[in-house]
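Let me begin by presenting the structure, written as structure tokens, before commenting on it.
Below, the structure written as structure tokens:
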């Protein structure tokens, strides 16, 4: 009997023919099980599950089954049929569905649009509670109740709309007719033009000072700094960025610079064409007195250069140690021009201070006119290079210029030659070269020896005697006859 009951009286039916009571799951469909051991519990009317199909004709009554209809072993449902229990649920769904279908779609849409957002939000919260439950358990009828409630009486709430921003309140009040800034692009090049103008024409340096009071509000002051004076230009107005302020200030600066008088006071000077070699003359005078002039170079505003020269008391002129030759505020285009100007000022001052008959440039005025005469005393132990520097001014030559060439294949080896110039004389004399000498100092000494040999021949031609004085023995040796 048990196997037959498991085949014909199995309570596992399709979802459409499920009986209105709970049955526990079986461990296996093939296991024999006594139907009397299945506890049947009546359901409340509220917990009755609705039909899955909305058509009443598609839900036929349950087929007669002896196991359900004639079950009398203590079950409260033994004397009651199963189908009549589902009739109130079907009637409820049918009546509500008919009421919803009779309603006009336009009225439903209107009701949906008129529903406030607050009620919709409360309904969504309530539906969420129905689905999940306050205690975290699942509620199977929450979605059905939600759909049924919206299909019957309540219209779905409208979608939440973001409140638009009131532009009239957010925008600042502007006076009628006041222009509004639409673009902040910069199309001018006043700052670049001002820098180029100051560097190429005048001795001024532009300096911009910015001040920010509020975000995107800048003021600017332009200061043109010169060697003698400065000009400050205050720009009126407030600008949205530093670049806008800089362009506006540069435009005013260009107007000011172009209106400056062109008298040469703000120009860069040059000393390209001079009748004498002022730097060479000063160097010869200092070599004859065995002193070295002190040169100081400066970089002036406006990409210019200046130079100052100082001479020590050993030069032999009263007050020369307190003199400064050259002007550091007078700008030249290059360092060479600045050095020439300072040396010229020094030579002219020395010529003015020298009384008649005193040596000038290492010779007396008569000797300068008729040629070198006299004797050159060379102290004992004087280096060869220094002897050359003492003899050259006596012969009317500049101090030799030594030119070194490093050997690219042998580090430390040098080729050297010397160039001697004569102011207002023939072309320079080139002596050398001497090749492959290790070390610059040794190469300089060797080329100086060659220069001294050449100077002895020139001194013999001009009648100048070169004598080395021996302080120990008192002997004097004439180099001109060697």
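In the working numbering, the protein residues as written are 16 to 497.
Don't be surprised by glycine CBs; every beta carbon is placed ideally from N, CA and C.
Beta-bridge partners assigned by DSSP to residue 321: 313.
For residue 444, the three-state secondary structure derived from DSSP is strand.
For the set 341, 336, 212, 410, the Cα lying nearest the Cα of residue 270 is the one of 212. In terms of Cα proximity to residue 412, the closest of 444, 420, 419 is 444. Between residue 292 and residue 408, the C-beta spacing is not below 8 Å. Straight-line measurement puts the Cα of residue 333 at about 18 Å from the Cα of residue 309. If you draw a 10 Å sphere on the C-beta of residue 106, you find fewer than 16 other C-beta atoms in it, and that means exposed.
For residue 239, the beta-bridge partners assigned by DSSP are 221, 246. About 7 Å separates the beta carbons of residue 311 and residue 322, which is inside the 8 Å limit, making them a contact pair. The beta carbon of residue 320 sits closer than 8 Å to the beta carbons of 312, 313, 314, 346, 347, 348, 349, 350, 352, 353 from its chain, once the five residues preceding and following it are set aside; these are given in chain order. Per DSSP, residue 428 lies in no alpha helix (DSSP H) segment; the continuous beta strand (DSSP E) that holds it begins and ends at 428–435. Residue 470 counts as buried, since no fewer than 16 other beta carbons sit within 10 angstroms of its beta carbon. In the structure shown, residue 302 adopts helical secondary structure according to DSSP, grouped into three states. Rounded to the nearest angstrom, the Cβ distance from residue 253 to residue 234 is 6 Å, consistent with a contact under 8 Å.
Residue 479 and residue 432 have their C-alpha atoms spaced approximately 25 Å apart.
If you compare the alpha carbons of 239, 229, 227 with that of residue 210, the shortest gap goes to 239. When rounded, the separation of the alpha-carbon atoms in residue 299 and residue 414 is 7 Å. Taken atom to atom, the span from the alpha-carbon of residue 422 to that of residue 434 is near 20 Å. Pairing residue 430 with residue 450 gives a Cβ-Cβ distance under 8 Å.
If you check the CB distance, residue 294 and residue 355 come in under 8 Å. For the options 343, 263, 335, the alpha carbon positioned closest to that of residue 206 is the one of 263. Taken through DSSP and simplified to helix, strand or coil, residue 259 comes out as helix. Annotation: residue 342 is outside any alpha helix (DSSP H) and is labelled neither H nor E by DSSP.
For residue 204, DSSP records no beta bridge to any residue. A check of alpha carbon separations from residue 275 across 427, 397, 328, 219 identifies 219 as the nearest.
In the three-state DSSP reduction, residue 368 falls in the helix class (H, G or I). According to the DSSP assignment, residue 406 belongs to no beta strand (DSSP E) but to the alpha helix (DSSP H) extending over 399–410. According to the DSSP assignment, residue 466 belongs to the alpha helix (DSSP H) that extends over 455–477.
Here residue 337 is exposed. Its C-beta has fewer than 16 other C-beta atoms within 10 Å. With a 10 Å radius around the Cβ and a threshold of 16 neighbouring Cβ atoms, residue 473 comes out buried. The Cβ-Cβ distance between residue 482 and residue 391 falls below 8 Å. Looking only at 255, 272, 266, 424, the smallest Cα-Cα distance to residue 246 is reached by 272. The beta carbon of residue 361 sits closer than 6 Å to those of 297, 324, 340, all from its chain and outside the five residues before and after it, given in chain order. Residue environment for residue 261: buried (at least 16 other C-beta atoms within 10 angstroms of its C-beta). In this structure, DSSP gives residue 421 an extended state, which the three-state scheme calls strand.
For residue 392, the enclosing beta strand (DSSP E) begins and ends at 390–394.
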